[in-house]
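Sequential numbering from 26 applies to the first sequence in this note's numbering. Written out below as structure tokens is the structure these notes cover.
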Amino acid sequence: LGNFKILLGSLVKDEKIDLALKIFSELQGSSLVPDTFVYNVMVNGLVKSNRIDEACKLMDSMKQLNLSPDLITYSSILDGLGKVGRLEEAFSVFTKLAEEGYEPDVVAYTSLMDVLGKGGKVNHALTIFRTMAKKKCVPDVVAYSSLIDSLGKEGRVEEAYYFFEDSKRKGCTPNVGLYSTLIDSFGKKGMVDRALDLYEEMQRKECLPNTVTFNNLISGFAKAGKVNVAEKLFEEMEHKGCFPDVVTYNILIDGFGKVGMIEEAESYFKDMKLKGVVPDVITFTSLIESLGKAGKVMNACELFDTMEEEGCSPN
RNA sequence: AAUUAUGGAAUUA
26 LGNFKILLGS
36 LVKDEKIDLA
46 LKIFSELQGS
56 SLVPDTFVYN
66 VMVNGLVKSN
76 RIDEACKLMD
86 SMKQLNLSPD
96 LITYSSILDG
106 LGKVGRLEEA
116 FSVFTKLAEE
126 GYEPDVVAYT
136 SLMDVLGKGG
146 KVNHALTIFR
156 TMAKKKCVPD
166 VVAYSSLIDS
176 LGKEGRVEEA
186 YYFFEDSKRK
196 GCTPNVGLYS
206 TLIDSFGKKG
216 MVDRALDLYE
226 EMQRKECLPN
236 TVTFNNLISG
246 FAKAGKVNVA
256 EKLFEEMEHK
266 GCFPDVVTYN
276 ILIDGFGKVG
286 MIEEAESYFK
296 DMKLKGVVPD
306 VITFTSLIES
316 LGKAGKVMNA
326 CELFDTMEEE
336 GCSPN
């Protein structure tokens, strides 16, 4: 059974859920008795593939083996329901777990908070955050990040910043994920100076920026039309040994395209291929749109025709 | 003491 767990876990991580399901059914047909742990691996795998109905069915089928879903099973399901916008059902999973006598932990609270916050119910998420603290459940960096991200996505950046400072007061050490989250919030609001302040702060505190950090910074500047700074940051990220990915290039191609600097956009397109970063459907869409708007319709059509040979199907 | 693959947070058209 231990080997099954390791195998299924790695398949789920690689998003090979169909193969995992096949092997799981072999396990069910064998003399080995699956436990809650191995069910959790599968439930989570289905959730990650957005197959929430199957995940729920699998959870329900545990009863036949006299297994009970635990806090982890419920948290996975809650998260999955929320991600597909089924907020009420997600909430009722939280209620149910409490009714069954489980004490929600920081992960269960954060899952619920995240679902509410991303589902446009930020004030409700705030309430949950406060409830959690009252229940002596200490919010960690991920809990703060989720809340800060939700506030930021609503444009409530000063509140987001308040909670960032609050996390430090309460003894949390912001990590690269938290810094990146808040940098994104400020960037999207056009407050690029605040985003830069955070970038400097994290380096003072020896928290290393990663590709997402740079992507968020670059995106903020690009969206504000400050493509020259975006370009500088791109160079800086390469100097710091942080590799640009397809998202980095997409941001730059879109940014330069939107301000009509088509040659620069095209040069990033060349550069990415040179560096082995494979363009995706977003890359092509941005560049085609920019070429079209610049009146280079022929070039746009030609680019469209190369998509298939570059292994990218138009959507 | 730490580690030893089940759940929660961040980026692009």
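Built from N, CA and C at the ideal position, the CB exists for glycine as well. Please read all numbers here as calculations on a predicted model, not as lab measurements.
For Ile77 and Leu106, which I take to be in contact (beta-carbon distance under 8 Å), what is that distance rounded to the nearest angstrom?
6 Å
Cutting at 8 Å between CB atoms, please list the residues of its own chain near Tyr224, excluding the five before and the five after it.
Tyr204, Ile208, Pro234, Thr238, Leu242
Burial state of Ile31 (16 or more Cβ within 10 Å)
exposed
DSSP state of Ser171, grouped into three classes?
helix
So the alpha helix (DSSP H) Lys30 belongs to, where does it begin and stop?
27–38
Counted within 10 angstroms of its Cβ, other Cβ atoms place Asp139 as buried (16 or more) or exposed:
buried
Secondary structure at Gly107, three-state DSSP: helix, strand or coil?
helix
What are the uninterrupted segments assigned as beta strand (DSSP E) that are 3 or more residues long and contained completely in the stretch 118–164, given in chain order?
none
Do the stretch 121–133 and the stretch 158–174 touch if we need at least three Cβ pairs shorter than 8 Å?
yes
Leaving out five residues on either side along the sequence, give the residues of the same chain with a beta carbon under 6 Å from the beta carbon of Pro339.
Met332
Tell me whether Gly285 sits in a helix, a strand or coil according to DSSP, three-state version.
coil
Below 8 Å on the Cβ atoms is my guess for Val58 versus Ser101; work out the distance and round it to an integer in Å.
At roughly 21 Å, the Cβ-Cβ gap does not stay under 8 Å, so Val58 and Ser101 are not in contact.
For the alpha helix (DSSP H) that Leu316 lies in, which residues bound it at each end?
306–318
Span of the alpha helix (DSSP H), counted from its first residue to its last, around Gly180
Segment: none, Gly180 is in no alpha helix (DSSP H) and carries neither H nor E.
Option in Ser170, Tyr293, Gln228 with minimal Cα separation from Gly202
Ser170
Cβ-based burial, Gly250 [other Cβ within 10 Å; buried from 16]:
exposed
According to DSSP, is Cys381 helix, strand or coil?
Here the chain comprises residues numbered 26 to 340, so residue 381 is not present and cannot be evaluated.
Between which two residues does the alpha helix (DSSP H) harbouring Arg229 extend?
217–229
Reference Ala185; option with closest CA among Lys214, Ala158, Phe29, Gly196
Lys214
Indicate whether Thr61 and Leu96 have their beta-carbon atoms separated by less than 7 Å.
no
Three or more C-beta pairs closer than 8 Å, one from the stretch 139–152 and one from the stretch 170–184: is that the case here?
yes
Option in Glu51, Arg155, Cys81, Tyr293 with minimal Cα separation from Ala255:
Tyr293
Express the C-alpha separation of Asn324 and Phe49 in angstroms, rounding to a whole number.
50 Å
Check whether the Cβ atoms of Asp270 and Thr236 sit closer than 7 Å, and answer yes or no.
yes
Ala290 versus Asp39 - alpha carbon distance:
33 Å
If the criterion is Cβ atoms closer than 7 Å, does the pair Val272 and Asn240 meet it?
yes
Per-residue DSSP class, three states only, for Phe296:
Per the sequence shown, the amino acid found at residue 296 is Asp instead of Phe. Reduced to three states, the DSSP call for Asp296 is helix.
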